[in-house]
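Q: Residue numbers (this note's numbering), protein chains in the order written: chain D, 1 to 270; chain R, 1001 to 1289.
For glycine and all other residues, C-beta sits at the position ideal for the given N, C-alpha and C.
Can you read through this structure? Questions will come right after.
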Amino acid sequence: MRRRLPNALLWIYAGAVFAFLFVPLLIVVPVSFSAGMYLQFPPPGFSLQWYQDYFGDPQWIDATILSVEIALCVVLLAVGIGSLAAFVIVRRPFPGIGFIRMVLMTPLIVPSVVVAVAVYSVYVSFHLIGSFIGIVLAHTIGALPFTIVLMVAGFQRIDRRLEEASYTMGAGAASTFRRVTLPILRPSLFAAAIFAFIASWDEVIMVIFIGGGAGTTLPLRMFNYLRTEINPTIAAVSTLLLAFAVVAFATAEWLRVRGEARRAGKGGAA
Amino acid sequence: MRDEAGPGYGRLIQLLPLILLAPGLALVLLLFLYPLLRLIVESFLDPTPGFANYVTVLTDPTLWQIIETTLIISAQCTIATLVLAYPVSYLLSRLPRPRANLLMMFVLLPFWTSLLVRMYAWMVLLGRHGIINEAVIGMGLTATPYPLLYNRFAVIVGMSHFLLPFMVLSLYSTMIAIDRSLIEAASSMGSSFRQTFWRIYLPLSLPGVYSGCLLVFILGMGFYITPALLGSPRETTISVYIQQQIQQLNWGEGTAMAVILVAIVIALFASYDRLFGFDRLFRNVGPQS
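Here it is as structure tokens:
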């Protein structure tokens, strides 16, 4: 089979698929530096005018700052709540924990428009439409399943013997947690934080419903923009977001590789 | 430690798991399950109690059309992603691990990119004066631009772009577990590439195909942004319809349609759970797993 495989064809096909995945992501970069007044390709010249547009427009900047603030709060809440739940799931399971875990995962399987409509109707009664805390809580719901999955994996990876060894050698619960458990959990915590951040940062459907006038986040502003006009300002925003995504992705990959290297090292020693 | 503690402390230890779970459960119950329950109740009560909303939704041909459109778009995306992903996953599964991991990184990069950035990118590429049309006209192949944007084609392209990594991951995780010695044995016994593929490789990879297809189909059912931005009114999916109804304060029909969508998705997820196990879904979530 190996010899007769049309390898070249396979690579060409795969190359085309990779192009399909990547070209759309990269195409916004040259457009964002265009000197033209509207969408032209190739761009007629180099200019930073669309970046000036973005940085000079308080509406874009306010939306960006709002999104960052919301996402940071979501990270704190989702990682905190998710870690507590993951701890119980791995370390203190009790009959019915499987069901509870399932319940905590359900926000992942229901389509976001339905969740948004449901949350919207409750928020109307509690006057939470357009409120900061309302958006944070709604985003936390969406981020929580990811942080739970990641933290469960994190807790499962801890070799309990290390903690026991620490206890036998006279360390207390607090210092064992700080010096043994926490360092092992750190990559998982970072990964969970990145996931929670992205889950909130990129969320738009929920905000369409519950954002009100005050809650125009960056994705919502982009969405509204894309419905009415397509000028290269949004290419500048997209390029900045893309750069941000690459950094987040590289960080997560670095953590994964490092985590794997550590695990491999541990396996070799055992 | 527990032996030394008083009875009150022991009780606290026993309750500790529930206390730690409380914030998560409270959040999910109050902001997800309770609203969902209310939504279901409202679909039967607004504006008058009874099944009127469901009768309306299920007898109106235009609304059936919307349900049908959603199912068909989802199916088309499933086929498109399968055709694109199968050879790529096959290739990746045969490469040495470090190289496969490197290429897999590229497959996963779009995961990290804002959905709206990708929507904009497709608009730039597919628009009337978009890059593809300008290029085709520039080459003199056509005088009038092709209608590539605001139609079914654009929606399928945009959604497939989003869903492709899910399909690749699903196929790859199955293909990597296929015992290569079976393939070697078949070819050493004189089986041709075609025979080996159809009789051995394909059947062994089918679990990945099924789980990938089911997952992509389920996810495709819930799309809102892509059909709303890249489609025309003819690509009104269930999600788009729900949003429109709620915006027009047409609660009854909006919520009834939402309940129907949830019912379809949960039924599909339940079958996924029975066939492949729910955990499989999360195996590839996150850089840690």
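Under 6 Å Cβ to Cβ from G1158 of chain R, same chain only, skipping five residues before and after it: list those, please.
A: Counting only Cβ-Cβ distances below 6 Å, and skipping sequence neighbours, we find W1122, T1226, L1230.
Q: Would you say L1036 of chain R and A118 of chain D are within 7 Å of each other, going by their C-beta atoms?
A: Against a cut-off of 7 Å, the Cβ pair of A118 of chain D and L1036 of chain R comes out as a contact.
Q: Output the boundary residues of the alpha helix (DSSP H) element that contains N1101 of chain R.
A: Taken as a continuous stretch (DSSP letters only), the alpha helix (DSSP H) holding N1101 of chain R covers 1097-1108.
Q: Let me know if I1072 of chain R comes out buried or exposed under the rule of 16 or more other beta-carbons within 10 Å of its beta-carbon.
A: The residue in question, I1072 of chain R, is exposed, as its Cβ has fewer than 16 Cβ neighbours within 10 Å.
Q: Beta-carbon within less than 7 Å of I12 of chain D's beta-carbon, same chain only, minus the 5 sequence neighbours each way: which residues are those?
A: Excluding positions up to five away in sequence, the list is empty.
Q: With 16 other CB atoms within 10 Å as the buried threshold, where does V1291 of chain R fall?
A: Nothing about residue 1291 of chain R can be reported from this structure: the residues present for chain R run from 1001 to 1289 only.
Q: Considering only the beta carbon of each residue, do C1077 of chain R and G1220 of chain R sit closer than 7 Å?
A: Yes, they are a contact pair.
Q: Is the stretch 171-183 of chain D touching the stretch 211-221 of chain D, taking contact as three or more C-beta pairs under 8 Å?
A: At 8 Å Cβ cutoff, the stretches do not touch.
Q: Within the 7 Å Cβ cut-off, does Y51 of chain D reach chain R?
A: No, no contact with chain R.
Q: For the stretch 97-109 of chain D, enumerate the residues whose C-beta is nearer than 9 Å to any C-beta of chain R, in chain order.
A: Under the 9 Å Cβ criterion, the stretch 97-109 of chain D contributes I97, I100, M102, V103, L104, M105, T106, P107, L108, I109.
Q: Give the residues of chain D in contact with F1162 of chain R, contact being defined as C-beta atoms less than 8 Å apart.
A: The contacting residues do not exist; F1162 of chain R stays about 10 Å from chain D at best.
Q: Near G1358 of chain R, what residues of its chain come up, given a Cβ to Cβ distance below 7 Å and the 5 sequence neighbours on each side ignored?
A: Lying outside 1001 to 1289, the shown extent of chain R, residue 1358 of chain R is not represented and no answer is given.
Q: What residues from the stretch 1232-1247 of chain R come within 7 Å of chain D, judged by C-beta to C-beta, listed N to C?
A: So the list reads S1239, I1242, Q1243, I1246, given in the order they occur along the chain.
Q: With the cut-off set at 7 Å, would you say L1091 of chain R and L10 of chain D are in Cβ contact?
A: Contact: yes.
Q: Are F197 of chain D and V75 of chain D closer than 7 Å when you measure CB to CB?
A: Going by C-beta atoms, F197 of chain D is nearer than 7 Å to V75 of chain D.
Q: Which residues does DSSP list as the beta-bridge partners of F46 of chain D?
A: Partner(s): D:S34.
Q: Report yes or no: is there a C-beta of chain D within less than 7 Å of the C-beta of R1274 of chain R?
A: With 7 Å as the cut-off, R1274 of chain R does not count as an interface residue toward chain D.
Q: Just curious, the alpha helix (DSSP H) that P1061 of chain R is in, first and last residue?
A: Start and end: 1061-1094.
Q: Between the Cα of P42 of chain D and the Cα atoms of R:H1129, R:N1101, R:L1027, which residue gives the shortest distance?
A: Nearest option by C-alpha distance: R:H1129.
Q: Is the Cβ-Cβ distance between S83 of chain D and M151 of chain D less than 7 Å?
A: Contact flag set, yes.
Q: In angstroms with no decimal places, state the Cα-to-Cα distance between E164 of chain D and F94 of chain D.
A: Rounded to the nearest angstrom, the two C-alpha atoms are 22 Å apart.
Q: Nearest by alpha-carbon distance to A193 of chain D: which of D:L226, D:D159, D:F146, D:G130 is it?
A: Here the closest residue by C-alpha is D:F146.
Q: Determine, for V1117 of chain R, whether the minimum Cβ-Cβ distance to residues of chain D falls below 7 Å.
A: With 7 Å as the cut-off, V1117 of chain R counts as an interface residue toward chain D.
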